[in-house]
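Novice: Structure incoming, see below.
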Amino acid sequence: MKKQHLLYELPGFNSKAVDIIINAEKNLKDKYEELEYLCDYHQSRVLNYMRELNISQRHFYSSTGYGYSHEARETLDKLFALVFGTEDALVRPHWVSGTHILSDSLFALLKPGETMLSVTGAPYDTLRQVIGTEGNSPSSLKAMGINYIDIPLLDKSIIDIHLIAKILNEQDIKLVLIQRSCGYEFRPAVSIENIGETIKKIKSISKNTMVLVDNCYGEFTQPKEPGHFGADIVAGSLNKNPGGGLAPTGAYAAGTKDAIELLSYRLTAPGIGREVGSYSDSYRPFYQGLFMAPHTVLQALKGAILTAKVFDMLGFSVEPKWNSNRNDIVQTVKFNTKQQLISFCQTIQSNSPVDSNAIPYPWDMPGYNDKVIMAAGTFMEGASIELSADAPIVEPYIAYVQGGLTYSHVKTSLIRALSVMIEKNEIII
Ligand SMILES: *Cc1c(COP(=O)(O)O)cnc(C)c1O
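Each residue of the sequence shown is one higher than the one before, starting from 13 at the first, in the numbering used here.
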């Protein structure tokens, strides 16, 4: 006898909601198995590089003051470079977020009078003020005389390589920005193969054009990373996939020696670069987080697939579909009403290990144009590798759901969310 009945005994679980989840799961076994092999692959890769660098207790020690020759810091850079398939890397708690490191990367690679081209449409919301297409910050790229153009994706998620070739043949483009994940858009992420082809094409036409990949949410979702295809800088947040839920803060950039050197002068100052920067807490969570990341991403991916399957079965439109090839951990669900959307996000929050009493409401979050509702009852504040759901409050009402340190957390949160929606008559079974 299977122990499924245990789920029916839990407080707040509507038996119809449990039925829906159990039925959905039956269809997902093959998909889960495929992802488990991917996890094995990355787990072994990360482990092999940790063995190669002979990671020891001494790599976890803290430093103070300027932090010259801090072995923990320097070895972590090497480990990320190996894992992300690049010549070099910088991993620092001093970068406050993904936006921060992407902003520094843009300022590192671009000079006044030069032009950047975003080939995945308008970039992630918080980068628009950095570039200067939104707001009028006196410190944006635009204010520094840097030009910006973008081209839309084909079929919502395919990079228009022909158009890029045409543009590169007609004008000087110093930097191409590729965003791997969907951001706040109802579409699948761009595939790693498509990113690889794009980088190859760019480099074959214009060797001096730099390629920056916003890798947020994409890490470990595919066997290869953009660095394996020669991107100059690949950057992301440690509050997301590569932090494995353990890194307390920070961001990473992996790339070519030259590009990473330029970035190091933005990290600190020209002439100083990567040689300084102390951290008076242990580096252990960064190493352990990277070690855990393939597993954590597996949990998040399985949770995302279950979310897709369940809401698809209930007649909502979802992106990506449960059986699609995934290139990020984001799952979007399009609700019919604002009330359903808010109710879903509030239940995610109330089924969180931290701040379960807090009730999220739409608010004006810095860097975003519309009001945003954010459910994130997380150990690391705002960490979106932990189960979180957020949504700009505009029609159509789309929730962006991502993360989950354990698959069971995602699954039981879904049961609870469906239970609430069934009881409020927001979904009809
Ligand atoms: C999260 C995210 C960012 C920004 O990262 P923060 O850590 O939130 O600043 C940039 N791009 C994409 C695609 C993201 O998902």
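Think of the CB as a built atom: it goes at the ideal place given N, C-alpha and C, for glycine as much as any other residue.
1) Evaluate Trp-375 with the Cβ neighbour count: other Cβ atoms within 10 Å of its Cβ, from every protein chain shown; 16 or more gives buried, anything less gives exposed.
2) Note down the Cα distance separating Lys-215 from Thr-221, rounded to an integer number of angstroms.
3) Using a Cβ-based criterion (distance less than 8 angstroms to any ligand heavy atom), does Arg-192 qualify as near ligand 1?
4) How would you label Arg-192, buried or exposed, when you count the other beta carbons within 10 angstroms and need 16 or more for buried?
5) Please state whether the Cβ-Cβ distance between Asn-253 and Val-309 is less than 9 angstroms.
6) Run through DSSP, which three-state label would Tyr-229 get?
7) With respect to the alpha helix (DSSP H) encompassing Arg-85, which residues constitute its N-terminal and C-terminal limits?
8) Three-state secondary structure (DSSP) at Thr-344?
9) Between Tyr-291 and chain C, is there a C-beta pair that is closer than 9 angstroms?
10) Going along the chain, which residues put their C-beta within less than 5 angstroms of some heavy atom in ligand 1?
11) When the distance is taken between beta carbons, is Thr-111 closer than 9 angstroms to Thr-138?
12) Could you spell out where the alpha helix (DSSP H) holding Gly-301 opens and where it closes?
13) For a test of the three-state rule: what should DSSP assign to Thr-221, helix, strand or coil?
14) Can the beta-carbon of Leu-122 be found closer than 9 angstroms to that of Leu-153?
15) Glu-331 lies in the beta strand (DSSP E); which residues open and close that run?
16) Within a Cβ cutoff of 7 angstroms, which residues of the same chain sit near Lys-321, ignoring the five residues on either side of it in sequence?
17) Please look up how many angstroms separate the CB atoms of His-54 and Phe-232, rounded, as I've assumed it's under 8 angstroms.
Specialist: By the coordinates alone:
1) In the sequence shown, residue 375 corresponds to position 363, counting from 1. Flag for Trp-375 reads exposed.
2) One-based indexing of the sequence shown puts residue 215 at position 203. One-based indexing of the sequence shown puts residue 221 at position 209. Cα to Cα, the separation comes out at about 7 angstroms.
3) By 1-based counting over the sequence shown, the position of residue 192 is 180. Short note on Arg-192: C-beta closer than 8 angstroms to some heavy atom of ligand 1.
4) Residue numbering aside, residue 192 sits at position 180 when the sequence shown is read from its first letter. Within 10 angstroms of the beta-carbon of Arg-192 lie 16 or more other beta-carbons, which makes it buried.
5) The residue given as residue 253 occupies position 241 in the sequence shown. The residue given as residue 309 occupies position 297 in the sequence shown. At a Cβ-Cβ threshold of 9 angstroms, Asn-253 and Val-309 count as neighbours.
6) Walking along the sequence shown from the start, residue 229 turns up at place 217. Three-state result, Tyr-229: coil.
7) To locate residue 85, count along the sequence shown from 1; it is residue 73. Here the alpha helix (DSSP H) through Arg-85 covers 83-95.
8) Taking the first residue of the sequence shown as 1, we reach residue 344 at position 332. It is a strand residue.
9) This model lacks chain C altogether, as it is built from one protein chain only.
10) Checking every Cβ against the heavy atoms of ligand 1 under 5 angstroms gives Ser-109, Gly-110, Thr-111, Tyr-136, Ser-193, Gly-195, Asp-226, Cys-228, Tyr-229 and Ser-249.
11) Position 126 of the sequence shown, counted from the start, is the residue given in the question as residue 138. Position 99 of the sequence shown, counted from the start, is the residue given in the question as residue 111. It is a contact, given that the beta carbons lie within the stated cut-off.
12) Position 289 of the sequence shown, counting from 1, holds the residue named residue 301. Following the DSSP letters along the chain, one finds Gly-301 inside the alpha helix (DSSP H) bounded by residues 296-325.
13) Against the sequence shown, residue 221 aligns to sequence position 209. DSSP places Thr-221 in coil when its eight states are reduced to three.
14) Here the question's residue 122 lines up with position 110 in the sequence shown. Here the question's residue 153 lines up with position 141 in the sequence shown. The beta carbons of Leu-122 and Leu-153 sit closer together than 9 angstroms.
15) The residue labelled residue 331 in the question sits at position 319 within the sequence shown. Bounds of the beta strand (DSSP E) holding Glu-331 are 329-331.
16) Within the sequence shown, residue 321 is the residue found at index 309, counting from 1. Excluding positions up to five away in sequence, the list reads Ala-36, Asn-39, Leu-40 and Trp-334.
17) For this step, residue 54 is matched to residue 42 along the sequence shown. For this step, residue 232 is matched to residue 220 along the sequence shown. Rounded, the Cβ-Cβ distance is 5 angstroms, consistent with contact.
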